[in-house]
Amino acid sequence: MYRFSNTVIGFLNLFTLLASIPIIGAGLWMARNTTTCESFLQTPLLVVGFVVLVISLAGFIGACFHVAWALWVYLVVMLFLIAALMGITIFGFVVTGEGGGVQIPGRAYREYHLQEYSPWLRTRITDPNYWSTIRSCIFNSKTCAKIGYWTPLDYLDKDMTPIQSGCCKPPTSCNYNMETTMAQDTDCYKWRNSPTVLCYECDSCKAGVLESMRRDWHKMSVLNIVMLVFLIGVYCIGCSAFQNTKRAETDYPYGENRMTKVRPRWDYHWWRWWHDKRESLY
């Protein structure tokens, strides 16, 4: 049993090393996703993935080669990593908990309203400089070009992505009959038929981006929770491996207390000097 936790932590860190690859890959996928065009929650995932990769390597070396300082660094960083991943997951759930859109009667798609989403998301997405980048991303992705040749029947039968619903058409409630005098949604007045304008400045377009991001994040949250549970288990075993590694440095077998030739700790001589100095003063 003496080497058991070291062996287990070595294998687990090898698996964690491999498990960090899907986290990094998922973060890259979300950051490069031309449909979402949103990366403020994906960037922390990439950072966490790379940190897991590095500390898993340190834990593997420390457990398999009995390097106590490597295991100590591994456990400290792992504790911060677990806290960070937990914080990112909880924060993501809080800010993406609202939304979902409204089903339009007689249509297969849903429409989305900016006020349905959290204030933090609304503040970020409505920043002019930030939205300019997102708008350019959506335009370059040719998302709206995919429905440019739809017939009126297609709009009744086919579903749309949140971005197509919000950015590529005016709200369904809009009435462009010149004789109408009823007040309409402000997005109705922002709509233009020009392919470079469409409804890219509409609040519904911003809401569509947030909805796409919300769906992607909820898919990723499953992986986050699984990794969080796994890392907590690895951390507990790592604590045991660290104690075994420290015990191995004292050169006595597990279960025996023969401390005849114990190597002094690195700070022993400084502590002894300070102790003698205090004794001489009193």
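Mapped onto the numbering used here, the consecutive letters of the sequence shown carry residue numbers 118 to 399. Quick reminder that beta carbons are idealized off the backbone N, C-alpha and C, glycines included.
Express the C-alpha separation of residue j and residue i in angstroms, rounding to a whole number.
| i | j | result |
| --- | --- | --- |
| Asn341 | Ile140 | 8 Å |
| Ile221 | Tyr229 | 10 Å |
| Asn361 | Phe197 | 22 Å |
| Ala324 | Asp304 | 12 Å |
| Ser173 | Gln232 | 43 Å |
| Thr243 | Tyr293 | 26 Å |
| Gln281 | Ile255 | 10 Å |
| Gly142 | Phe208 | 21 Å |
| Ile251 | Tyr306 | 21 Å |
| Ile354 | Val125 | 8 Å |
| Asn257 | Cys285 | 13 Å |
| Gly218 | Phe182 | 55 Å |
| Gly265 | Asn310 | 11 Å |
| Pro245 | Cys316 | 15 Å |
| Thr133 | Cys291 | 53 Å |
Classify residue i as buried or exposed, calling it buried when 16 or more other Cβ atoms lie within 10 Å of its own Cβ.
| i | result |
| --- | --- |
| Ala200 | exposed |
| Trp237 | exposed |
| Ala262 | exposed |
| Lys259 | exposed |
| Arg395 | exposed |
| Trp390 | exposed |
| Tyr191 | buried |
| Trp308 | buried |
| Val169 | buried |
| Asp393 | exposed |
| Tyr371 | Its pLDDT being 43, under 50, Tyr371 is placed unreliably in this model, and the value from its coordinates should be taken loosely. The residue is exposed, with fewer than 16 neighbouring Cβ atoms inside 10 Å. |
Sort out for me which residues DSSP pairs residue i with in a bridge.
| i | result |
| --- | --- |
| Arg227 | Gln220 |
Please classify residue i: does DSSP put it in a helix, a strand, or coil?
| i | result |
| --- | --- |
| Ala175 | helix |
| Ala185 | helix |
| Ser235 | coil |
| Glu373 | Any reading at Glu373 is ruled out, since the residue's pLDDT is 48, under 50, leaving its predicted position unreliable. |
| Ser321 | helix |
| Asp333 | helix |
| Ala300 | coil |
| Asn130 | helix |
| Ala136 | helix |
| Tyr191 | helix |
| Thr124 | helix |
| Ser253 | helix |
Which residue wins for smallest C-alpha separation from residue i, given the options the options?
| i | options | result |
| --- | --- | --- |
| Leu202 | Leu163, Cys356, Tyr226 | Leu163 |
| Tyr272 | Met344, Thr124, Leu345, Arg227 | Arg227 |
| Cys322 | Ala187, Arg239, Gly127 | Arg239 |
| Phe347 | Pro288, Met195, Met299 | Met195 |
| Ser329 | Pro312, Thr278, Phe359, Thr289 | Thr278 |
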